[in-house]
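All residue numbers for the sequence shown refer to our numbering, where the first residue is 173 and numbers rise by one. Reading through the structure tokens given below for one structure.
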Amino acid sequence: MITRRTMLHRIGAAGGVAAVAGAMQSMGWFGVARAATLEPMPGDLGKGRSVVVLGAGFAGLVAAYELEQRGFAVTLLEARGRVGGKAWTVRDGDRITMLGEDDQIARFSKGLYFNAGPARLPSFHQGVLGYAKRFGVPLEVEVNSSRSAYLVARNGSRLRMRTAINDMRGHVSELLAKAVNQGALDTALSVEEKAKLLPFLKAYGDLQGDYAFKGTTRSGFRTGPGAGISSFETANAPVPLGDLLANEQLAMMGFEDNLYMQATMFQPVGGMDRISLGIERNLKQRAVLNADVQRIRQSEAGVEIAWIDTASGAARVIKADYCVCTIPFPVLARIEADFAKPVASAIAGVLYDDSNKVAFEAPRFWERDQIYGGLTFVGGETSLIWYPSWGLHGERGMILGCYSSGEPGKAFARRPIAEQIAMARAAIDSVHPGHGADCTAPLVVNWRKIPYSLGPWPNWNPGMRDRGEHPMTDTPAFRLLNQPDGRIFFASAALSQTPGWQEGALQSAHATVDALVEQMRARALTEPPRSAQAA
Numbered sequence: 173m174i175t176r177r178t179m180l181h182r183i184g185a186a187g188g189v190a191a192v193a194g195a196m197q198s199m200g201w202f203g204v205a206r207a208a209t210l211e212p213m214p215g216d217l218g219k220g221r222s223v224v225v226l227g228a229g230f231a232g233l234v235a236a237y238e239l240e241q242r243g244f245a246v247t248l249l250e251a252r253g254r255v256g257g258k259a260w261t262v263r264d265g266d267r268i269t270m271l272g273e274d275d276q277i278a279r280f281s282k283g284l285y286f287n288a289g290p291a292r293l294p295s296f297h298q299g300v301l302g303y304a305k306r307f308g309v310p311l312e313v314e315v316n317s318s319r320s321a322y323l324v325a326r327n328g329s330r331l332r333m334r335t336a337i338n339d340m341r342g343h344v345s346e347l348l349a350k351a352v353n354q355g356a357l358d359t360a361l362s363v364e365e366k367a368k369l370l371p372f373l374k375a376y377g378d379l380q381g382d383y384a385f386k387g388t389t390r391s392g393f394r395t396g397p398g399a400g401i402s403s404f405e406t407a408n409a410p411v412p413l414g415d416l417l418a419n420e421q422l423a424m425m426g427f428e429d430n431l432y433m434q435a436t437m438f439q440p441v442g443g444m445d446r447i448s449l450g451i452e453r454n455l456k457q458r459a460v461l462n463a464d465v466q467r468i469r470q471s472e473a474g475v476e477i478a479w480i481d482t483a484s485g486a487a488r489v490i491k492a493d494y495c496v497c498t499i500p501f502p503v504l505a506r507i508e509a510d511f512a513k514p515v516a517s518a519i520a521g522v523l524y525d526d527s528n529k530v531a532f533e534a535p536r537f538w539e540r541d542q543i544y545g546g547l548t549f550v551g552g553e554t555s556l557i558w559y560p561s562w563g564l565h566g567e568r569g570m571i572l573g574c575y576s577s578g579e580p581g582k583a584f585a586r587r588p589i590a591e592q593i594a595m596a597r598a599a600i601d602s603v604h605p606g607h608g609a610d611c612t613a614p615l616v617v618n619w620r621k622i623p624y625s626l627g628p629w630p631n632w633n634p635g636m637r638d639r640g641e642h643p644m645t646d647t648p649a650f651r652l653l654n655q656p657d658g659r660i661f662f663a664s665a666a667l668s669q670t671p672g673w674q675e676g677a678l679q680s681a682h683a684t685v686d687a688l689v690e691q692m693r694a695r696a697l698t699e700p701p702r703s704a705q706a707a
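Structure, rendered in structure tokens:
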């Protein structure tokens, strides 16, 4: 009888990590229900075999944990002085180092923090949520969209999100109802369908009895409801369709319809790094920090990693049976390695995007504008304002005046840090007049300048986009790097279909663990077991 495990092993032998990942997704193992764990394996499966994992970001932590659970002796090396990689939470006193820039020191009030990297967890990312549950990391709701936030046009005019969404619904519903009533859709709709569509449009767009849109209280009140007979609610006058269409940010009213942005969204209580720290606390052998990899070599006998302890300056070497490399490709391209030539060329050719955040501490002036979490879209190089979802009604909070990527992000990152701060503060002031000056303790993160990252996520196919959220990933380099190079396996969110999300890192790590186990089983017939050795 062929089990699912046996079938997966055969797929892995034939097609490597990418094939394993694809098969697991097609069978539902990376779907909503089964993403949190790998298929059970014996706890002594890797006994006598050693693995060195390079990089303690999310993929590295997950790979190290899952390999340990299968009996492998695992050494996890991390160049930074912390684990988590891009899942980086900055707190008071923390230092931000960027290449070519002066260091920044966080000076926040007690309890405040800034998620410099990922800051939200979709509810369908059951893998990451499953790890949070397993390791006791409490979650809270991340308010990803607020109907009280704004769409800001280039001319400075503002639309409340609720006004844009509901007035646009009303206008479109009116136009469609007119088309139905005038027979313009007779060839597309049956009589029965027309009879059902019209009442739907009336409800959807809050139309009048004659199917005219004359405004809706869904968009807000001109006169709010009160007590007694002195005040009765009246709707705002509808924003003319032409004015709605003139707002360059109008398309962002559909932001929360994106599957990755839909409620319910979550965040770990206290900062995104809590999940990474939870995994690391449960490793049998904790991560070795400040371990800057200098050289990667392999032979028929195993792998050899040379690294420097940046805290002491000591040079060290470790040998193991296998290596799982999660080092970001722009960093890996600068490390001496004896990869196969096509692999080395693929690594060197991976281009990474730009991504920037500018954070401030401030009194919670946005709450006086009825905004509790969510995003205001301003466009341009700063892109948006991001309001905090936690600490509501507190005295102070963290607000982002910029979160940008792509070409706008690239242009923004080229500017001096002082100018980036000024632009982010000005964006906040344009929406909340007079409050730009309230924004203090600024911090800037340009991910392309962050050591050991050199970018947020890859752009595998520049200039092209698929129907999903990210640029197309199915390229020859992507497929090649989803295969092992001898005893060296690659794992990273960059090697998933969701390179900007921690779930992608987890999926890649799971697929890599499966592929490594398959290779180990094939080699076990001819190789004696051994443990990791420091040379």
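All C-beta atoms in this analysis are idealised placements derived from N, C-alpha and C, irrespective of residue type, glycine included.
Can you tell me which of the three DSSP states residue i falls into?
i: TYR544; result: coil
i: ASP481; result: strand
i: LEU688; result: helix
i: GLN592; result: helix
i: ILE337; result: helix
i: ARG597; result: helix
i: LYS350; result: helix
i: TYR320; result: For the record, residue 320 in the displayed sequence is Ser; it is not Tyr. SER320 falls in the coil class under three-state DSSP.
i: MET433; result: helix
i: PHE549; result: strand
i: ASP464; result: strand
i: LEU239; result: helix
i: PHE584; result: helix
i: ALA325; result: coil
i: SER664; result: coil
i: GLN470; result: strand
i: SER295; result: coil
i: ALA409; result: coil
i: GLU364; result: helix
i: ASP657; result: strand
i: THR359; result: coil
i: LEU373; result: helix
i: PRO717; result: Past the boundaries of the shown model lies residue 717; the chain is included only from 173 to 707, so the question cannot be answered.
At the level of alpha carbons, what is the spacing between residue i and residue j?
i: GLU365; j: GLY342; result: 20 Å
i: CYS497; j: ARG394; result: 59 Å
i: GLY545; j: GLU405; result: 26 Å
i: GLU699; j: PRO212; result: 25 Å
i: TYR524; j: LYS386; result: 48 Å
i: LEU431; j: GLN421; result: 19 Å
i: ALA375; j: LEU233; result: 50 Å
i: GLU675; j: GLY229; result: 12 Å
i: ARG326; j: GLY215; result: 59 Å
i: GLY299; j: LEU678; result: 7 Å
i: ALA478; j: TYR237; result: 22 Å
i: PRO500; j: SER625; result: 6 Å
i: ARG586; j: ASP526; result: 10 Å
i: PRO634; j: GLY566; result: 43 Å
i: ILE543; j: MET340; result: 21 Å
i: VAL363; j: ALA418; result: 36 Å
i: ARG292; j: GLY443; result: 10 Å
i: ARG659; j: ARG458; result: 23 Å
i: HIS604; j: TRP558; result: 13 Å
i: SER320; j: ARG242; result: 50 Å
i: PRO410; j: SER602; result: 24 Å
i: GLY569; j: ALA613; result: 11 Å
Would you please state the rounded distance, in angstroms, between the beta carbons of residue i and residue j? I believe it to be under 8 Å.
i: TRP673; j: ALA681; result: No, TRP673 and ALA681 are not in contact; Cβ-Cβ is about 13 Å, not under 8 Å.
i: THR554; j: MET595; result: 6 Å
i: SER295; j: THR482; result: The Cβ separation is near 39 Å, so there is no contact.
i: LEU572; j: VAL530; result: 6 Å
i: TYR494; j: LEU311; result: Contact flag wrong, Cβ pair sits at about 34 Å.
i: PRO535; j: ASP610; result: 6 Å
Identify every residue that forms a DSSP beta bridge with residue i.
i: TYR624; result: Answer by DSSP bridge pairing: none, since TYR624 is not bridged.
i: PRO440; result: LEU311
i: TYR575; result: LYS529
i: TRP558; result: LEU547 and LEU572
i: ILE268; result: GLN276
i: SER222; result: ALA245
i: ILE113; result: The question about residue 113 has no answer, for the chain in this structure spans 173 to 707.
i: GLU508; result: ARG467
At least 3 beta-carbon pairs within less than 8 Å: the segment 400-420 vs the segment 243-255: no
Contact between the segment 349-360 and the segment 320-331 (3+ Cβ pairs under 8 Å): no
Any 3 or more C-beta pairs closer than 8 Å across the segment 315-326 and the segment 446-456: no
Cβ pair count under 8 Å reaching 3, the segment 462-475 against the segment 484-494: yes
Any 3 or more C-beta pairs closer than 8 Å across the segment 262-282 and the segment 500-511: no
Contact between the segment 459-471 and the segment 648-662 (3+ Cβ pairs under 8 Å): yes
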